[in-house]
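In my numbering, the protein residues as written are 229 to 657.
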């Protein structure tokens, strides 16, 4: 990159033109950073802004046009045979071709903002014989939008670019994550549109038109929904307090109470309690959960599926939340262990097990005892973590809250699916 910057200083417009042209012919060049730097140079008056925009756009247009004709002349057979040698294997080509079939020319406009896709977009257009006139209209608009966005960002921010570059990167990552999640939701809804529509209609009729039926199940679902909403609200409140660094009093008071009540004589007991969070013990708990589901034999495949989702999704959720929080708060004084990963997994594994016990338990007294044992276990784990490993109480509590959000969300989904199956059986009979 430093060599490219030096070339930009020495041969500004020629370097800019060639860099844009070559990347869109399939030579990897970090052009977002280059374009932003061009904007900074324009801000300082070292190069002309309008001429830079025209040069970058023209270079990109020429590169895209050459790529189009390469794809047009060589055709699909060539890329299926040799594409893997230049990072354009048949799988990648077919995937982008499917995107073109679904989203058409609009994809061509925005493909230039996606690294690894923009140089393929023009080639694919040629391979699938997109009319050259249509290609020119949409690709040229996309090239100018892409180049202008980053040059103008550098120009507007000027000397503040280095200051805001990290923040811009963070928000771009957040936007990308949001777009990916939104895209996945869209695909799931589109693929299962008929099933979702029928299910929502059945739920609406059962809740509002036949409200006296299945009252016990509806009340149970309502309790889980209320818990889920409360936990999500609490989670966002904790994130806000975490960012504001308002947990210090809570941590100091909690530590004082724990160290006052539990001295060194409790060391052995605390070690045993903390051992309940080991992956060996958690694996045994998961096996017991599966056995409990099989013994009860009510919607067992649905419950086993959600057990797998709870565990795998919980692991991804745990690591994803921690990464996202610390990525967004880079440079701030924050606890490296917020939220505590192990306490999240403890709540997720034990929480699902206890809910399976309570869900199929007809004796309310036993259900209450099971729940109290679960709460006592969480409390004991917290005390041992604070006294032995000096974990921040706020990190532990946050781990419980985040884990509870995941478990309650999965349990809500499980109960809705279970309720739907009951409604369908009732309708069919």
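Built from N, CA and C at the ideal position, the CB exists for glycine as well.
Just so it is clear, the structure is predicted and the values come from calculations on it, not from any experiment.
Grouping DSSP H, G and I as helix and E and B as strand, with all else coil, what is residue i?
i: residue 618; result: coil
i: residue 386; result: helix
i: residue 589; result: coil
i: residue 254; result: coil
i: residue 272; result: coil
i: residue 565; result: coil
i: residue 357; result: coil
i: residue 485; result: helix
i: residue 338; result: helix
i: residue 547; result: helix
i: residue 599; result: helix
i: residue 490; result: coil
i: residue 239; result: coil
i: residue 439; result: Unreliable positioning characterises residue 439 in this predicted model, as indicated by a pLDDT of 47, which lies under 50. A coordinate reading is not provided.
Have a look at the options and flag the residue whose alpha-carbon is nearest the alpha-carbon of residue i.
i: residue 280; options: 548, 240, 260 and 294; result: 240
i: residue 251; options: 454, 581 and 284; result: 284
i: residue 497; options: 277, 459 and 609; result: 609
i: residue 584; options: 489, 527 and 288; result: 527
i: residue 601; options: 618, 359 and 582; result: 582
i: residue 493; options: 638, 612, 235 and 570; result: 612
i: residue 567; options: 607, 542, 628 and 594; result: 628
i: residue 374; options: 356, 301 and 286; result: 286
i: residue 226; options: 337, 288, 542 and 276; result: Nothing in the structure corresponds to residue 226, since the chain is present only between 229 and 657.
i: residue 647; options: 247, 574 and 530; result: 530
i: residue 631; options: 517, 473 and 462; result: 462
i: residue 254; options: 278, 235 and 290; result: 290
i: residue 586; options: 517, 550 and 467; result: 517
i: residue 352; options: 247, 295, 383 and 379; result: 295
i: residue 302; options: 535, 268, 338 and 355; result: 355
i: residue 357; options: 385, 377, 618 and 299; result: 299
i: residue 504; options: 548, 495 and 570; result: 570
i: residue 385; options: 641, 551, 543 and 266; result: 266
i: residue 643; options: 519, 244 and 534; result: 534
i: residue 483; options: 383, 651 and 624; result: 624
i: residue 383; options: 605, 272, 447 and 365; result: 272
i: residue 376; options: 249, 282, 606 and 421; result: 282
i: residue 645; options: 605, 449 and 500; result: 449
i: residue 607; options: 590, 593 and 574; result: 574
i: residue 481; options: 548, 620 and 550; result: 620
i: residue 464; options: 549, 444 and 446; result: 549
Below 7 Å CB to CB, which residues in the same chain sit around residue i once its five sequence neighbours on both sides are set aside?
i: residue 577; result: 510, 513 and 514
i: residue 292; result: 252, 350, 367 and 371
i: residue 545; result: 634
i: residue 524; result: 588
i: residue 439; result: Note that residue 439 scores a pLDDT of 47, beneath 50, so its modelled location is shaky; the value from the coordinates is reported in the next line. The answer is none, since no qualifying residue turns up.
i: residue 538; result: 576, 580, 635 and 638
i: residue 246; result: 287
i: residue 475; result: 469 and 622
i: residue 460; result: 633
i: residue 532; result: 518 and 521
i: residue 381; result: 264 and 267
i: residue 361; result: none
Which residue comes first and which comes last in the alpha helix (DSSP H) that contains residue i?
i: residue 510; result: 507–524
i: residue 658; result: This structure leaves residue 658 out entirely; the chain is present only between 229 and 657.
i: residue 499; result: 495–502
In chain order, what residues of the same chain have a beta carbon less than 8 Å from the beta carbon of residue i, not counting five sequence neighbours either side?
i: residue 579; result: 602, 631, 632 and 635
i: residue 276; result: 270
i: residue 507; result: none
i: residue 541; result: 634 and 638
i: residue 419; result: none
i: residue 452; result: 636, 639, 640 and 643
Suppose the cutoff is 6 Å on Cβ atoms and the five residues either side in sequence are ignored; what does the same chain contact list for residue i look like?
i: residue 615; result: 486, 490 and 498
i: residue 572; result: 546, 627, 630 and 631
i: residue 456; result: 636, 637 and 640
i: residue 341; result: 374
i: residue 604; result: none
i: residue 467; result: none
Does any residue of chain C bring its CB to less than 8 Å from the CB of residue i?
i: residue 551; result: The structure shown has no chain C; it contains just one protein chain.
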